[in-house]
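Peer 1: Here's a structure for you.
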Ligand SMILES: Cc1cc2nc3c(=O)[nH]c(=O)nc-3n(C[C@H](O)[C@H](O)[C@H](O)COP(=O)(O)OP(=O)(O)OC[C@H]3O[C@@H](n4cnc5c(N)ncnc54)[C@H](O)[C@@H]3O)c2cc1C
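Residue numbers (my numbering), protein chains in the order written: chain A, 1 to 514; chain B, 1001 to 1557.
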């Protein structure tokens, strides 16, 4: 030393030991890479197309490192102090990056600036730190060794991070906790380097205070991470995201893991390819067993084509009308290889007509009558969907039903949302239907409920197509048996357009399980 | 709209004897182009023309000779809800010897509606509450409209679900986000909530109160209300004073109470009779149990335009549109005709009408210029009456705005605004996504009505559209990019204001004079469909009775 660079009092500071500084390099590098991976994962969730997102994130991050290195030349005095300050800043920005990005992505307008801002900030700060550390070590170590060592530890840190992230961090901690945890690690490095460079940082009080505040913020964020996570529905992204699309109607996300693939609409699981056959066999075939005729069939919702796949197992079916609000959904079901493999290209069958319209509006003007109507809407989590579970909607369905026809309604879980399930039953009966509720276990969902409804009393005959995996004629009658914890509740209200009790009941019931 | 608009301008221009005006009018409507006016969308001022008022005011018409004379049993002046209800009542009694005259090209008055390729939408009245007590005429009309679909075992009406306002009914933009309902419970203090509960309890008690004759304390129509002295006393103070004397000081509660007055009457707390202010809340509760929920509303995409269309069927072939009645002379002696004079604006000729009876179903400030005895000596009641100006805008949107908090409801109110927010035309039966129409309402409650009216009528389309935009931008910053059109209606005299003393104003008890009957919502001074209908139905029944027709009364009560 001797030139006084980086020291508070010229020439006063004793020489630094390089070991701890190398460790700091390693930690800083791994934190930096973790933030980058968090951002990349998040972006591929929000925007889909993970190749593009990761390329962009890496490119922007690397060039920001360069930007930081370039800027380091403008740090003339107080090198150690600047380093600690940069470290505190990385701790804050990096640690809060995942929560910030989660909140920003609710707004398509704000996400890109926040997203790139965060990456550039973290990259530039980390890029600033490494040269500063090298300058601090200059004179202690031979320059040739210095460069070799620092870069070695830098890359080792990155390696550690890139192995830990997919194997341990993401599956165990999730995105939010990972980013906050690494923020805390950066904050710890900041504290430690205040001590390490105590002879060079000048008055330490202000630095300690700042590092302390950042640590407190991050600790608080770590504690509420669960809540943040819930808000942002982060859990599902532990798996690889294959499709992510925001349509005018909803957010469609498809994830894939070793077992198969999953469809999420607005963050709610619609099916998992592992056990959807249980759900769709149960949705479709009992209605056919109860309907004396099944030539004309309508499916409301169910744009994934899986119910239609089951319907086409009945050769007497002449026409299937599928009504799904979202053209993007039916497009996916007719073109995406994963979907085609699962639904067998059902929507491409010449018997199938796809209508992309609000089912409530469609049904008021549809001239045809149907023998079987399968109602497969998402659960009533909003008033906009709740209207499709009202007595008004069911009476419109009844008008479009052949006098002998049969309806089947997916009606959420009688176990998790028992009251909600029986409200759907009461609502169908208020619309003039006779009902036969039943349920089946679908592991991805739990115990799942359906309701058969018809203008006449419903009689389910032991009639099933060949080759089903979940249903058999022996099993069929047992589905209609309800044990005590799912048994009928009698005094439930009817769900009406002007008084959507179902939406409120459903929300309350599921809250207990989340 | 375009064609109608020009024809109205043409009509008025030629009627004023100034054909050049129509060229000017065409030029004015042609400058509805985006670049000229700096707003990124199109639109114009539509609705009742200011010029028509001036025609009555100058009195020039009175000297024009009639080209011919028509004869009719009953001449109904005004095709608003009251005039059309009279026509409806006659038609039900199989009396078709009537004719309805209205200045505008279309019937409806302040309940008119419009439509474009996105949706139908209201220009004024937009809902009717489900009657809280039996009302024969109202129930009969609602049954014809398909709203009343049956009765339960106890005889209580059952309503068509799709016409009852769909949930979510209302939301409030308060503190940077939308919240459910009209009262922001988040952040309310304990005292706020205690006062709210006390207020609601008090309204429930008043709703349930019946006098010794079995009349509700606050009934709809108002004439059926109790006249107990302590209730009548409420009409001597303002709603603001009443809130003070009852110890209601919570700012959130005062806001709610004032919102009610502004919404229903176009008045603020200081300008509303406490009787009317309480009526808003207490008249709509069933008054049976301690029900916290206010009663429900019937509504349609086009608002009360649905009921206008239905009532107008009774007057089919008997409606003279674009017909300004400017002189009504009562029969000087029994047996003599009522003499009316009408300017047929389409032909620009004056027609004399001799009728056995007439119903003046037009607002009283206009009636005062038309009814000869009142022209000669202005009636005393007029001095105590005033009318609130309102602005209504219809915003056609290409897509829904981005949302924060509670989702889009039927009624969307901004807490920190003097407007009433907007109602969504597609709420009842339209899609949940894509294009829609917002109907924006703004009563001018804080200035003397005449001053506010002058400003409103002096404002240009740009002024009004910019003001609407600025107000709504608090909640929806992306609105300018979404609006494809913004049209406005300026209601100079939208509704009579129920100021203190209105309940004892003699206008509420106008007797027929020389075969001329009076019917308009402002006879009751409460601007409600039920009042207008009641006035029209009773005027028609009085005439039927005078003619010796036997009928079962449909009038409420
Ligand atoms: C913006 C607004 C919102 C409202 N919202 C509601 C609501 O939601 N629910 C509700 O119940 N009420 C509402 N109202 C009140 C509404 O005014 C009444 O419900 C009702 O429609 C009044 O009908 P009316 O027949 O008494 O009067 P008007 O509607 O005033 O009808 C009078 C008619 O007379 C015609 N006329 C006037 N002068 C002449 C003349 N010299 N010659 C010929 N014709 C003439 C006019 O053109 C008009 O058509 C609202 C009013 C306004 C302005």
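Glycine included, C-beta positions come from ideal geometry on N, C-alpha and C.
Report buried or exposed for residue 365/A, applying the criterion of at least 16 other Cβ atoms within 10 angstroms of its Cβ.
Peer 2: Exposed, since its Cβ has fewer than 16 Cβ neighbours within 10 Å.
Peer 1: Does the Cβ of residue 25/A have 16 or more other Cβ atoms within 10 Å, making it buried, or fewer, making it exposed?
Peer 2: Per the 10 Å Cβ criterion, buried.
Peer 1: For residue 1127/B, name the three-state secondary structure that DSSP assigns.
Peer 2: In this structure, residue 1127/B counts as strand in the three-state DSSP scheme.
Peer 1: What residues of chain A sit near residue 1164/B, judged by a beta carbon separation below 9 Å?
Peer 2: Within chain A, the residues near residue 1164/B are 496, 497, 498, 499.
Peer 1: With residue 486/A and residue 428/A assumed to form a contact (beta carbons below 8 Å), what rounded beta-carbon distance in angstroms separates them?
Peer 2: Not a contact, Cβ separation roughly 17 Å.
Peer 1: Ordered along the chain, which non-local residues of its own chain (more than five positions away) have a Cβ less than 6 Å from that of residue 1281/B?
Peer 2: Answer for residue 1281/B: 1203, listed in chain order.
Peer 1: At which residues does the beta strand (DSSP E) containing residue 568/A begin and terminate?
Peer 2: Since the displayed chain A opens at 1 and closes at 514, residue 568/A lies outside it and no answer follows.
Peer 1: With a threshold of 9 Å between beta-carbons, can residue 329/A be considered close to chain B, or not?
Peer 2: With 9 Å as the cut-off, residue 329/A does not count as an interface residue toward chain B.
Peer 1: Can we count residue 1084/B as close to ligand 1, meaning its CB is less than 8 Å from some heavy atom?
Peer 2: Checking the Cβ of residue 1084/B against ligand 1 gives yes.
Peer 1: Among all the DSSP beta bridges, which residues are the ones paired with residue 138/A?
Peer 2: In DSSP, residue 138/A forms a bridge with 141/A.
Peer 1: Check each residue of the region 1420-1445 of chain B: if its Cβ is closer than 8 Å to any Cβ of chain A, include it; give the result in chain order.
Peer 2: Cβ contacts with chain A: 1429, 1430, 1431, 1432, 1433, 1434.
Peer 1: Please determine, among 1517/B, 1504/B, 1416/B, 1396/B, the residue with the shortest C-alpha to C-alpha distance to residue 1273/B.
Peer 2: Comparing Cα-Cα distances from residue 1273/B to each of 1517/B, 1504/B, 1416/B, 1396/B, the minimum goes to 1504/B.
Peer 1: Can you name the residues of chain B whose CB is closer than 8 Å to the CB of residue 384/A?
Peer 2: Chain B residues near residue 384/A: 1407, 1432.
Peer 1: Pick out the complete alpha helix (DSSP H) segments inside the region 172-212 of chain A, 4 residues or longer, and give them in chain order.
Peer 2: Correct list: 174-196.
Peer 1: Does any C-beta atom of chain A lie closer than 9 Å to the C-beta of residue 1106/B?
Peer 2: No, no contact with chain A.
Peer 1: Tell me, please, whether the CB atom of residue 1032/B is closer than 9 Å to any CB atom in chain A?
Peer 2: At residue 1032/B the pLDDT is 40, less than 50, meaning the model places this residue with poor confidence and gives no usable figure here.
Peer 1: Locate the beta strand (DSSP E) running through residue 1099/B, then write down its first and last residues.
Peer 2: From DSSP, the beta strand (DSSP E) with residue 1099/B extends over 1098-1101.
Peer 1: Can residue 1385/B be considered in contact with ligand 1, in the sense that its beta carbon sits closer than 8 Å to one or more heavy atoms?
Peer 2: No, the beta carbon of residue 1385/B sits no closer than 8 Å to any heavy atom of ligand 1.
Peer 1: Taking 8 Å as the cut-off, is the C-beta of residue 1417/B nearer than that to any heavy atom in ligand 1?
Peer 2: False, no ligand heavy atom lies under 8 Å from that Cβ.
Peer 1: For chain A, find out if any of its Cβ atoms is closer than 9 Å to the Cβ of residue 1129/B; answer yes or no.
Peer 2: Not one chain A Cβ lies under 9 Å of residue 1129/B.
Peer 1: I'd like the ranges of any alpha helix (DSSP H) spanning at least 4 consecutive residues and lying wholly in the region 1455-1499 of chain B.
Peer 2: Counting whole runs of 4 or more residues, the region 1455-1499 of chain B contains the alpha helix (DSSP H) stretches 1461-1473, 1479-1482.
Peer 1: How many angstroms separate the CA atom of residue 278/A from the CA atom of residue 469/A?
Peer 2: Between residue 278/A and residue 469/A, the C-alpha separation is close to 7 Å.
Peer 1: Determine the extent of the alpha helix (DSSP H) in which residue 1082/B is found, giving its start and end residues.
Peer 2: Counting along the chain, the alpha helix (DSSP H) containing residue 1082/B begins and ends at 1081-1092.
Peer 1: State yes or no: is the beta carbon of residue 1291/B nearer than 9 Å to at least one beta carbon in chain A?
Peer 2: Interpretation of residue 1291/B is limited by its pLDDT of 45, a score under 50 that renders its predicted location unreliable; no figure is taken from the coordinates.
Peer 1: I want to check one thing, is the minimum distance from the CB of residue 1045/B to the heavy atoms of ligand 1 below 8 Å?
Peer 2: No - ligand 1 has no heavy atom lying nearer than 8 Å to the Cβ of residue 1045/B.
Peer 1: To the nearest angstrom, report how far apart residue 219/A and residue 183/A are at their CA atoms.
Peer 2: Computed Cα separation, rounded: 9 Å.
Peer 1: Measure the C-alpha to C-alpha separation of residue 214/A and residue 111/A and round it to an integer number of angstroms.
Peer 2: The straight-line gap from Cα to Cα measures roughly 24 Å.
Peer 1: Which residue spans inside the region 377-414 of chain A form an unbroken alpha helix (DSSP H) run of at least 4?
Peer 2: Correct list: 383-386, 391-399.
Peer 1: Taking the continuous alpha helix (DSSP H) assigned at residue 1259/B, which residues delimit it?
Peer 2: Residue 1259/B -> alpha helix (DSSP H) spans 1251-1265.
Peer 1: Can you name the start and end residues of the alpha helix (DSSP H) that residue 469/A belongs to?
Peer 2: It is not in any alpha helix (DSSP H) - residue 469/A carries neither H nor E in the DSSP assignment.
Peer 1: Is it true that the CB of residue 347/A sits closer than 9 Å to the CB of residue 330/A?
Peer 2: Contact: yes.
Peer 1: Between which two residues does the alpha helix (DSSP H) containing residue 339/A stretch?
Peer 2: Note, residue 339/A: alpha helix (DSSP H), 337-343.
Peer 1: Whose CA, out of 118/A, 481/A, 155/A, 197/A, lies closest to the CA of residue 20/A?
Peer 2: Nearest C-alpha to residue 20/A: 197/A.
Peer 1: Just verifying my parser: in three-state terms, what is the DSSP assignment at residue 451/A?
Peer 2: Residue state, collapsed to three classes: strand.
Peer 1: Would you say residue 503/A lies against chain B (beta-carbon separation less than 9 Å)?
Peer 2: By this cut-off, residue 503/A is an interface position.
Peer 1: Does any residue of chain A bring its CB to less than 9 Å from the CB of residue 1120/B?
Peer 2: Judged by the 9 Å Cβ criterion, residue 1120/B is not in contact with chain A.
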